Amino acid sequence: MRTRALLSATLFALAAAVVTAAPAGAVANGSDVPQGTYKFAAKLTMTDIPKPDGTKYNSACSGSLIAQQWIITAGHCFHDAARNPVSGPVPYPTSVLLGTADQSKPGVTRNVVTVYQSPSNDIAIAELDQPVTGIQPLTLNRKTPAVDQKLTLAGWGSLTATNPTPSTKLQKGVVKVATVDPLYVGVKGYAPTSTTSACTYDSGAPYFVPSVKGGKLVSIESDGPDCPHDQAETTARVDVIADWIDAHLG
């Protein structure tokens, strides 16, 4: 198992070169998200991330808007040089793209200024430098997820674990809840195929129940096997920290 983020700058460049020869994708064995749909889905781009030897690299994560000036993502997307999760001022430049399913089309861009790590599981909430208007945030689920419950995943990660690169297009898939633990939910691919799964750079991607107004956020992408796969993916429950999130959002 490995977290869904963070490659070296060298591999990042190599992966980008590979992707130019084929259509970009995200969420292995998923499907395209139509433009104008899931505007709350966030693409995070990090630069100058420090390593213990003093060098730096770039990476990416996924996330979602939960209030006008707040996003939610995986806790491990923000860390120090020793890979310890950090709270406080953002540890490296992090931009956030919202409001589009295609990076080549107009969207809303903000920067992360402050990060807060969940007290219990692999989730972080991040404050943006300016509010986002015109996009309906996801609401927080407050009930225990149920086995066999269907959830939608939307992420900006790679299509494959081989030479992965962040996607330029948002992808989606449907999963079913397989296990429910006190802090995490195990999910397995359901549609378009049983191997629909999160991939590298999908860390922090939302698993939600869609609705006319946007959707209800159930869990956050944390960890899983190399994609695509038909095994359980580890996602962090939102309901168990909903009150903590509310306290920070005011």
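Here the sequence shown is numbered in our numbering, starting from 1 and rising by one per residue.
Backbone N, C-alpha and C fix where the C-beta goes; we use that ideal spot for every residue, glycine too.
Small disclaimer: the values here were computed from a predicted structure and weren't measured.
Alpha carbon to alpha carbon, how far is Ala81 from Tyr38?
C-alpha separation (whole angstroms): 33 angstroms.
Kindly confirm or deny that the region 174-190 and the region 98-113 touch, where touching means at least three C-beta pairs closer than 8 angstroms.
Touching, no, given that fewer than three Cβ pairs across the two stretches are closer than 8 angstroms.
Alpha-carbon to alpha-carbon, Asp48 and Gly54
Here the C-alpha atom of Gly54 lies approximately 10 angstroms from the C-alpha atom of Asp48.
Supposed close pair Cys199, Leu159 - CB separation, criterion 8 angstroms:
The pair is a contact, with the Cβ atoms about 7 angstroms apart (cut-off 8 angstroms).
Chain-order list of residues whose beta-carbon lies under 6 angstroms from that of Gly186 (same chain, five-residue window excluded)
Excluding sequence neighbours, Gly186 sits near Ala178, Thr179, Ala232.
Along the chain, where does the beta strand (DSSP E) that runs through Ile135 open and close?
That residue, Ile135, is in no beta strand (DSSP E); it is neither H nor E in DSSP.
Val96 versus Phe208: straight-line alpha-carbon distance, rounded:
Roughly 20 angstroms between the two C-alpha positions.
Does Lys279 pass the burial test, meaning 16 or more other C-beta atoms within 10 Å, or should it be called exposed?
The first residue shown for the chain is 1 and the last is 250, placing residue 279 beyond what the model contains.
Could you check what DSSP says for Asp148 in three-state terms: helix, strand or coil?
It is coil, neither helix nor strand.
Give the DSSP bridge partners of Gln171, in chain order.
Its beta-bridge partners are Asp32, Gly155.
For Trp244 and Tyr116, I'd like the C-alpha separation in whole angstroms.
In a straight line, the C-alpha of Trp244 is about 10 angstroms away from that of Tyr116.
Return the chain-ordered list of same chain residues with a C-beta closer than 8 angstroms to the C-beta of Lys216, the five sequence neighbours on each side being excluded.
Closer than 8 angstroms at the Cβ level, and outside the excluded window around Lys216, lie Leu138, Thr139, Leu140, Asn141, Phe208, Val209.
Determine whether the beta carbon atoms of Ala124 and Thr114 lie at a separation below 8 angstroms.
No.
Where does Cys77 sit, in a helix, a strand or coil, going by DSSP?
If DSSP states are grouped into helix, strand and coil, Cys77 belongs with the helices.
Straight-line CA distance for Thr152 to Ala161?
Rounded to whole angstroms, Thr152 to Ala161 spans 21 angstroms at the Cα level.
Can you give me the Cβ contacts of Asp148 inside the same chain, cut-off strictly under 8 angstroms, excluding the 5 residues immediately before and after it?
These residues qualify, in order along the chain: Lys176, Val177.
Close beta carbons around Pro192, own chain, < 6 angstroms, minus the five adjacent residues each side:
Answer for Pro192: Ser31, listed in chain order.
Based on the DSSP secondary-structure assignment, which residues constitute the bridge partners of Asn111?
Beta-bridge pairing links Asn111 to Ser95.
Just verifying my parser: in three-state terms, what is the DSSP assignment at Ile72?
DSSP places Ile72 in strand when its eight states are reduced to three.
Considering only the beta carbon of each residue, do Ala67 and Pro206 sit closer than 8 angstroms?
Taking 8 angstroms as the Cβ cut-off, Ala67 and Pro206 do not qualify as a contacting pair.
Check Leu249 in the structure and name its three-state DSSP category.
DSSP, reduced to helix, strand and coil, places Leu249 within a helical segment of the structure shown.
Output yes or no for whether 8 angstroms exceeds the beta carbon distance between Ile72 and Ser59.
Using a Cβ distance threshold of 8 angstroms, Ile72 and Ser59 do not count as a contacting pair.
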